[in-house]
Amino acid sequence: MGAMPDEASAPGREPMTQVVARSLRDAIHSGELEPGARVRQETVAAELGVSRIPVREALRQLESEGLVVIVPNSGAKVAVLDFEEYAEIYKMRERLEPLAFGESVGRLTDEQKDDITRLLAELEAETGNAQAYLEADRRFHLACYAGVATPRLLKMIVDFWNTTQRYRRILIATFSPDDYELNNFEHRLIAEAALNGSVRRGEDLIRMHIERSRFRLAHHRDLFNR
3 MGAMPDEASA PGREPMTQVV ARSLRDAIHS GELEPGARVR QETVAAELGV
53 SRIPVREALR QLESEGLVVI VPNSGAKVAV LDFEEYAEIY KMRERLEPLA
103 FGESVGRLTD EQKDDITRLL AELEAETGNA QAYLEADRRF HLACYAGVAT
153 PRLLKMIVDF WNTTQRYRRI LIATFSPDDY ELNNFEHRLI AEAALNGSVR
203 RGEDLIRMHI ERSRFRLAHH RDLFNR
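Read in order, the letters of the sequence shown are residues 3 to 228 in this note's numbering.
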C-alpha cells in the first residue's frame, strides 16, 4: 500500500474512502494481508497519508463485502477463509451468472464483443502467472455480462466476485499446466457462445465452469486452514 499524495479528494477525483478501500482490498486479494491479520486504522492511515476517518469508512465497506470483520473494542481483522461460506456463495454464483449471461448476450454491442475477444487473449497470455491470471479472469467474465440491463443483478455478481477472490487465490495455487489449459478451453467456449448469441449453451458452460471450481476446492479443504 503506497502513500497518497493528498488526503482531500479534488473535484472529479475518486473519493478517498474508495481509494483506501481499493488499496486494502488489493492487499487482501493478493495475500499481502493474510486471513486473520489485524488491520490497524492508525497504521493504514500513516502508510497511505490520510486521516483515520476514510480508513474507518473503508473498513466498514470491506466488512459489507465480507473481507474484514470489525469487532467492537478490538478493531478490524481480515476475514478468515470459511469453507461453508465458499460453498454457499459458489452455489449462488452457479445460478446468478448464467442468468446474467442470458440477460447480457442479446444486448452486447460490437465494442463489448471486441472487449470479450481482447480480454480472452489477455487472459490466455497470463497463463501460469497466478495473480495476473486471476485479474484477467475477472475482467473476462464480467465483460461477458456487460450487456446486463439490471444494475442490481450486476452489482450482486460483482459483490460475490469481490468476496470470493480469496477463494480463487487458493484455488489457482493448485493449478497445473493442464488445469490452466482446461480453464482456457472453457473460456474459449464461453466467449464463442457470447459472440454467437448462444444463450442456452453459454448458460450451461458458465454453470459447469463455476461448479467445477467449487468441486475442486471441496477436495482441498485443508487449504482453508492456512
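Glycine is no exception: its CB is placed at the ideal position from the N, C-alpha and C atoms.
Which residues in the same chain have their Cβ closer than 7 Å to the Cβ of residue i, if we skip the five residues on either side of it in sequence?
i           : result
residue 104 : 201 and 205
residue 207 : 188, 191, 192 and 195
residue 9   : Unreliable placement is indicated for residue 9, whose pLDDT of 47 sits below 50; the coordinate value is still reported in the next sentence. So the qualifying residues of the chain are 18, 51, 52 and 53.
residue 170 : 136
residue 159 : 98, 99, 102 and 147
So, at 6 Å on beta carbons, what are the nonlocal neighbours of residue i in its own chain, with the 5 sequence-adjacent residues on each side left out?
i           : result
residue 184 : none
residue 39  : 80
residue 148 : 114
residue 117 : 145
residue 216 : 92
residue 84  : none
residue 164 : 67
residue 71  : 79 and 81
List the residues that DSSP assigns as beta-bridge partners of residue i.
i           : result
residue 130 : Answer is none; residue 130 lacks a bridge partner.
residue 78  : 41 and 72
Keeping to the same chain, check which residues put their C-beta closer than 8 Å to that of residue i; ignore five residues upstream and five downstream.
i           : result
residue 151 : 105 and 109
residue 162 : 91, 94, 95 and 98
residue 166 : 88, 91, 92 and 95
residue 37  : 80, 81, 82, 83, 168 and 228
residue 111 : 149
residue 7   : Below a pLDDT of 50, predicted positions are generally treated as unreliable, and residue 7, at 44, falls in that range; no measurement from the model is reported.
Roughly how many angstroms lie between the CA atoms of residue i and residue j, to the nearest whole one?
i           : j           : result
residue 122 : residue 47  : 38 Å
residue 140 : residue 124 : 11 Å
residue 219 : residue 197 : 30 Å
residue 34  : residue 175 : 15 Å
residue 49  : residue 199 : 48 Å
residue 155 : residue 213 : 20 Å
residue 1   : residue 24  : Any question about residue 1 goes unanswered here, given that the chain covers just 3 to 228.
residue 26  : residue 42  : 11 Å
residue 130 : residue 61  : 32 Å
residue 56  : residue 45  : 13 Å
residue 58  : residue 132 : 31 Å
residue 241 : residue 102 : Residue 241 is absent from the model: the chain starts at 3 and stops at 228.
residue 128 : residue 120 : 13 Å
residue 22  : residue 107 : 34 Å
residue 73  : residue 86  : 21 Å
residue 226 : residue 157 : 27 Å
residue 210 : residue 29  : 30 Å
residue 20  : residue 31  : 16 Å
residue 224 : residue 76  : 28 Å
residue 126 : residue 16  : 31 Å
Contact between the region 144-153 and the region 64-73: three or more CB pairs below 8 Å? Output reads no: the region 64-73 does not touch the region 144-153.
Going residue by residue through the region 111-184, where are the continuous alpha helix (DSSP H) segments of at least 4 residues, counting only ones entirely within it? Qualifying alpha helix (DSSP H) stretches, in chain order: 112-127, 132-146 and 153-174.
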